[in-house]
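K.L.:
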Amino acid sequence: MLIDDYDPLKKRMLQVLDQEGKVVNPSLEPVLDPDVLMRAYRTMVLARQIDDKAVILQRQGRLGAYPPNRGQEAASLGPAMAIGKDDWLVWAFRELAGLLWKGLDPLRLYLYWMGNEEGSHYPPGLKVLPAVIPVGSQLPIAVGMAYASMIRREGTVTLSYCGDGATSAGDFHEALNSAGTFRTPNVFVIQNNQWAISMPRNRQTAAPTLAQKAVAYGFPGIMVDGNDVLAMYMATQEAVGRARRGEGPTLIEAYTYRMGNHTTSDDAKKYRLEEELKEWEKRDPLVRLKAYLMNRGMLDERQEETILGEAKEETERIVVEAERFPRPTVDDVFKHTYAQMPRTLTEQLERCRRLEGGGR
Ligand SMILES: Cc1ncc(C[n+]2csc(CCOP(=O)(O)OP(=O)(O)O)c2C)c(N)n1
Ligand SMILES: [Mg+2]
2 MLIDDYDPLK KRMLQVLDQE GKVVNPSLEP VLDPDVLMRA YRTMVLARQI
52 DDKAVILQRQ GRLGAYPPNR GQEAASLGPA MAIGKDDWLV WAFRELAGLL
102 WKGLDPLRLY LYWMGNEEGS HYPPGLKVLP AVIPVGSQLP IAVGMAYASM
152 IRREGTVTLS YCGDGATSAG DFHEALNSAG TFRTPNVFVI QNNQWAISMP
202 RNRQTAAPTL AQKAVAYGFP GIMVDGNDVL AMYMATQEAV GRARRGEGPT
252 LIEAYTYRMG NHTTSDDAKK YRLEEELKEW EKRDPLVRLK AYLMNRGMLD
302 ERQEETILGE AKEETERIVV EAERFPRPTV DDVFKHTYAQ MPRTLTEQLE
352 RCRRLEGGGR
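Residue numbers (our numbering): 2 to 361.
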């Protein structure tokens, strides 16, 4: 097993592609249809466009606070490519490329970040939970979902994501402990982007890797180059196989980097060095996949231009569509939690309405 070869305690990291797009270890190169590889590239290009545009929209006051994904596209995409239509995807808030692959209409994502409740309404049959902002709280839910699927013998797997910061949350440990104990069909991906807002990775834990946290819970963990979409795919594919065969959960640490700010409300220059970002820019996951496809003769400069052009058009189309929706009102903040709103909230809502109307 691939996962057994990468002991997380030895700090070895699984990699398939180097930054020039060359295959480092030919025995690890996945056998993927050229159409699938090209779709992966298109998805990453589109994710980058949608992401960049979201930041611009926020600056123009057309979208709320937004967490940029730049640099983390492969870390969410590779795992999503390794699950099936009936498997669940449970995300946090920085998994744009993976969601596009799974089939979530990016219109929903723009609506969500525009504060519109419609953004959390996904079509029935799409096995994706809505965004989760309370850090780590999606993980016990993901374990419950996998446990349920196990009891019902559905044969499905639950892929969940969290950040490095989430590994400091109690929910992370409770979730992984339960998953290990009940051998649930979970695949946990930690997007270790080196920062939890301004808190660096080495202030989250004294453990040399995050993957090794799995050891304490009695299941395998593996550290993977998170900027290498093929490595992320390979590791997840194996983890999904284990889960489906009833062999229990796997933890995957995607070693990556958040190239942008934590959110549009943050200024990363205040707490991290420019050189660090420069180093990671050289490891851009999009550049790496492009180089691989070019080396294999599957992509040329002209096609690349066309794909970029199409992604830009698609992004503009989504912006227009999202802005056609009515803007959210203060009522939306209150409406969706209780069938019968408690009196305290009714009073707050009335007060907010008065304030909105210019009253006191
Ligand atoms: C329970 C909880 N505590 C604090 C916050 C504020 N907060 C939002 S994101 C974040 C850091 C998350 O870091 P990480 O898990 O590494 O994810 P990343 O933002 O790097 O993708 C914090 C502390 C929150 N949303 N939820
Ligand atoms: Mg982080």
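For every residue, glycine included, the Cβ atom is placed at its ideal position computed from N, Cα and C.
For Gly137 and Arg303, what's the separation of their Cα atoms in angstroms?
P.N.:
One C-alpha to the other measures close to 42 angstroms.
K.L.:
Express the C-alpha separation of Thr159 and Met146 in angstroms, rounding to a whole number.
P.N.:
One C-alpha to the other measures close to 7 angstroms.
K.L.:
Going by beta carbon distance, what residues of the same chain come within less than 6 angstroms of Gly227, once the five residues before and after it are set aside?
P.N.:
These residues qualify, in order along the chain: Ala76, Ala255, Tyr256 and Thr257.
K.L.:
Identify the continuous alpha helix (DSSP H) that holds Leu346 and give its terminal residues.
P.N.:
Where Leu346 is concerned, the enclosing alpha helix (DSSP H) stretches over Arg344 to Glu357.
K.L.:
Any heavy atom of ligand 1 closer than 8 angstroms to the beta-carbon of Ser138?
P.N.:
Yes, Cβ of Ser138 sits closer than 8 angstroms to a heavy atom of ligand 1.
K.L.:
Do the CB positions of Pro80 and Val216 come within less than 9 angstroms of each other?
P.N.:
No, they are not a contact pair.
K.L.:
Would you say the beta carbon of Ile223 is closer than 8 angstroms to some non-hydrogen atom of ligand 1?
P.N.:
Ile223 Cβ: outside cutoff for every heavy atom of ligand 1.
K.L.:
Tell whether a beta-carbon distance below 9 angstroms holds between Val230 and Leu29.
P.N.:
Going by C-beta atoms, Val230 is not nearer than 9 angstroms to Leu29.
K.L.:
Exposed or buried, what is Lys283 when buried is set at 16 or more other beta-carbons lying within 10 Å of its beta-carbon?
P.N.:
Exposed, since its Cβ has fewer than 16 Cβ neighbours within 10 Å.
K.L.:
Measuring straight from C-alpha to C-alpha, what distance separates Thr206 and Val320?
P.N.:
For Thr206 and Val320, the distance between alpha carbons rounds to 40 angstroms.
K.L.:
Measuring only the C-alpha atoms, how far is Gly166 from Leu177?
P.N.:
C-alpha separation (whole angstroms): 15 angstroms.
K.L.:
Any heavy atom of ligand 1 within a distance shorter than 8 angstroms of the CB on Asn194?
P.N.:
Result yes, Cβ under 8 angstroms from ligand 1.
K.L.:
Which residue wins for smallest C-alpha separation from Leu15, given the options Leu278, Met224 and Gly120?
P.N.:
If we check each option's Cα against that of Leu15, Met224 comes out closest.
K.L.:
Within 8 angstroms: the Cβ of Asp106 and any heavy atom of ligand 2?
P.N.:
No, the beta carbon of Asp106 sits no closer than 8 angstroms to any heavy atom of ligand 2.
K.L.:
Relative to ligand 1, is the shortest distance from any of its heavy atoms to the C-beta of Pro186 smaller than 8 angstroms?
P.N.:
No, since every heavy atom of ligand 1 falls outside the 8 angstroms radius drawn around the Cβ of Pro186.
K.L.:
How long is the line joining the alpha carbons of Leu290 and Tyr339, rounded to whole angstroms?
P.N.:
Between Leu290 and Tyr339, the C-alpha separation is close to 46 angstroms.
K.L.:
Report buried or exposed for Gln50, applying the criterion of at least 16 other Cβ atoms within 10 angstroms of its Cβ.
P.N.:
It counts as buried.
K.L.:
Thinking C-alpha only, which one of Ile4, Val24 and Asp6 is nearest Arg297?
P.N.:
Checking every option, the nearest Cα to that of Arg297 belongs to Val24.
K.L.:
Since I believe Met82 is in contact with Trp102 (beta carbons under 8 angstroms), could you give me their beta-carbon distance rounded to a whole number of angstroms?
P.N.:
Trp102 to Met82, Cβ: 6 angstroms. Contact.
K.L.:
Any heavy atom of ligand 2 closer than 8 angstroms to the Cβ of Ala365?
P.N.:
Because the chain is modelled from 2 through 361, residue 365 falls outside the range shown and cannot be assessed.
K.L.:
DSSP beta-bridge partners for Trp89?
P.N.:
DSSP output for Trp89 lists Thr159 as bridge partner(s).
K.L.:
Tell me whether Arg259 counts as near ligand 2, meaning its Cβ is closer than 8 angstroms to at least one heavy atom of that ligand.
P.N.:
Indeed, a heavy atom of ligand 2 lies less than 8 angstroms from the Cβ.
K.L.:
Could you tell me whether the Cβ atoms of Leu1 and Leu130 are closer together than 9 angstroms?
P.N.:
Residue 1 lies beyond the range of the chain shown here (2 to 361); nothing can be said about it.
K.L.:
Taking 8 angstroms as the threshold, find out whether the region 256-271 comes into contact with the region 188-202 through three or more Cβ pairs.
P.N.:
As far as the Cβ criterion goes, the region 256-271 touches the region 188-202, which means the pair count is three or higher.
K.L.:
How is the beta strand (DSSP E) around Thr185 delimited, first residue to last?
P.N.:
No beta strand (DSSP E) contains Thr185, which DSSP labels as neither H nor E.
K.L.:
What did DSSP end up calling Asn26 once you bin it into helix, strand or coil?
P.N.:
Three-state DSSP puts Asn26 in coil, outside helix and strand.
K.L.:
Candidates Met295, Pro107 and Leu3: which alpha carbon is nearest Thr316's?
P.N.:
Nearest option by C-alpha distance: Pro107.
K.L.:
Determine the DSSP secondary structure at Gly164, reduced to helix, strand or coil.
P.N.:
In the structure shown, Gly164 sits in a strand (DSSP, three-state: E or B).
K.L.:
Where Phe94 and Asp53 are concerned, what is the direct C-alpha to C-alpha distance, given to the nearest angstrom?
P.N.:
For Phe94 and Asp53, the distance between alpha carbons rounds to 15 angstroms.
K.L.:
List in chain order: all unbroken alpha helix (DSSP H) runs of 4+ residues lying wholly within the region 212-237.
P.N.:
214-218, all fully within the region 212-237.
K.L.:
Which residues in the same chain have their Cβ closer than 6 angstroms to the Cβ of Leu300, if we skip the five residues on either side of it in sequence?
P.N.:
Result list for Leu300: Leu294, in chain order.
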